[in-house]
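One structure below.
Residue numbers (mature numbering (1 follows the signal peptide of the UniProt record, and there is no 0)): -27 to -1, 1 to 438.
Next up, the structure:
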């Protein structure tokens, strides 16, 4: 079709529309006088010029001709929304999405549904539809607009959730020894590591879900009800079953369920953000309750020029072991994290933490420190975004013994871990992108049972915005 003929068609459609509007009635035979394309052009003009009555009749006529016409359903959604009928608007918006035939129609319908949900303060539903819109967005301009709108909705949504999952083949799912012999530095006796005391290979499946709900907020403070669920499930390889015939993957499963309250506040308008929290929870290992816990948290965070941040966090956790409910274990930690956005855009973060455990069983008393460094490349390398991390730590168990044999100087472990994380940002769906993390961990100990090594490659998903 030439530009001149298209212009003539538009003029014809406009002429018919204006004539119909002048009579204030559009019958089905009048819509039939237009081709579907002409009727849609007239419908667009009617909406843009606020000819709502004409737009309604045109859309109704199109739907009588084709009940699955996405453009007509979309127009009905706009009309019902403007008329103050949100229920009918939602129904039309969902129909427009269901019958969409192109990416642009899908994007437009999803965006409309997000707007309708936002107006009714259905913020989580609005986020859902914005993720749908992001998937169908026909260009980067629309994608960026969706991301911007998503962040605005998220800031107003009292409910927040962050869920990640991964599947990881691992060379050591049970933190077993890489040595067949039990050797204690400074002790002439030698034992043997057998069964699941040795490293067992397999597959780890992990889910980590963090949820929170804003109870109250002001310009200077915010209070949230928080919850967390973490699950790690293990499937042993055939090789691992040969090494430890009596072992099952469920023997090494771990789950954690927590709930509590966190309060953040500023004392001065531009001062640091202080955080206080109380968390209660329960942990399971191998299908049985490991311990119940109660944790107190306190922290403070500073930001400077939106490019640098420093935070300090202290925790004290009381644990009641299921095996000895009349006793208490106390875990304490103090950590500091500094992050800085470099002049070329990359992100560098460092952290150091100190920890101590006062266990009801003295041989498990421990203290230690961990230092970590993480570098995130802002610019993607082709279809991949890359981050690298390095971590080193030490732990000391001054009262440790193996059976009746005390370890001279106590048990001492030194661990080093490295990690490469790849995010395939071009392969996203609904704003979720696949990730691949390559990890290596080595622990050296003066008790060979704790000389461990693990290599894993995990495949997961995470939100791209």
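All C-beta atoms in this analysis are idealised placements derived from N, C-alpha and C, irrespective of residue type, glycine included.
Around the beta-carbon of residue 103, 16 or more other beta-carbon atoms lie within 10 Å, marking it buried. For residue 248, there is no enclosing alpha helix (DSSP H); the enclosing beta strand (DSSP E) covers residues 246 to 258. Around the CB of residue 71, fewer than 16 other CB atoms lie within 10 Å, so the residue is classed as exposed.
Contact between residue 200 and residue 231 holds, with the beta-carbon distance rounding to 6 Å and staying under 8 Å. With a cutoff of 9 Å on beta-carbon distance, residue 164 and residue 151 are scored as not near each other. Remark: C-beta atoms of residue 166 and residue 425 do not approach each other more closely than 9 Å. Per DSSP, residue 386 is one residue of the beta strand (DSSP E) stretching across 384 to 396. Exclusion of the five residues before and after residue 237 leaves 195, 246 and 248 as the residues of its chain whose Cβ lies within less than 6 Å of its Cβ. Under the DSSP assignment, residue 186 falls in the beta strand (DSSP E) whose first and last residues are 175 to 190. At the C-beta level, residue 388 and residue 366 come within 9 Å of one another. Residue range 96 to 109 is occupied by the alpha helix (DSSP H) that includes residue 102. The beta carbon of residue 280 sits closer than 6 Å to those of 314, all from its chain and outside the five residues before and after it, given in chain order. Taking 9 Å as the cut-off, the beta carbon of residue 282 is found no closer than this to the beta carbon of residue 219.
Three or more beta-carbon pairs separated by less than 8 Å are not found between the segment 350 to 361 and the segment 369 to 386, which leaves the two stretches without contact. Between the segment 108 to 125 and the segment 135 to 148, the count of C-beta pairs closer than 8 Å stays below three; the two stretches do not touch. Under the DSSP definition of a beta bridge, residue 212 lacks any partner. Around the beta carbon of residue 105, 16 or more other beta carbons lie within 10 angstroms, which makes this residue buried. Nearest neighbour of residue 431 by Cα position, chosen from 420, 405 and 394, turns out to be 394. Counting along the chain, the unbroken beta strand (DSSP E) around residue 264 starts and ends at 261 to 277.
Per the Cβ contact rule, the segment 184 to 193 is in contact with the segment 124 to 139 (3 or more Cβ pairs under 8 Å). Below 8 Å, enough C-beta pairs join the segment 32 to 47 and the segment 60 to 79 to call them touching: three or more. In this model, residue 403 and residue 244 are separated by some 37 Å (Cα to Cα). Residue 336 places its beta carbon 9 Å or farther from that of residue 160.
C-alpha of residue 20 to C-alpha of residue 119: approximately 23 Å in a straight line.
According to the DSSP secondary-structure assignment, residue 154 is paired through a beta bridge with 165. Burial is judged here by how many other beta carbons sit within 10 angstroms of a residue's own beta carbon; residue 385 has at least 16 and is buried. For residue 289, the uninterrupted beta strand (DSSP E) run begins and ends at 281 to 294, by DSSP. The residue among 78, 124 and 75 with its C-alpha nearest the C-alpha of residue 99 is 124. Secondary structure note for residue 123: it is in no beta strand (DSSP E), and the uninterrupted alpha helix (DSSP H) holding it is 113 to 129. Buried is the label assigned to residue 54, since at least 16 other Cβ atoms lie within 10 Å of its Cβ. For residue 204, the CB contacts under 6 Å within the same chain, skipping 5 residues up- and downstream, are 180 and 228 in chain order. Taking C-beta atoms as the reference points, residue 292 and residue 266 count as a pair closer than 9 Å.
Nearest C-alpha to residue 330 among 192, 306 and 197: 306. Between residue 358 and residue 396, the gap from beta carbon to beta carbon is short of 9 Å. Where residue 425 is concerned, there is no enclosing alpha helix (DSSP H), although the beta strand (DSSP E) around it starts and stops at 425 to 436.
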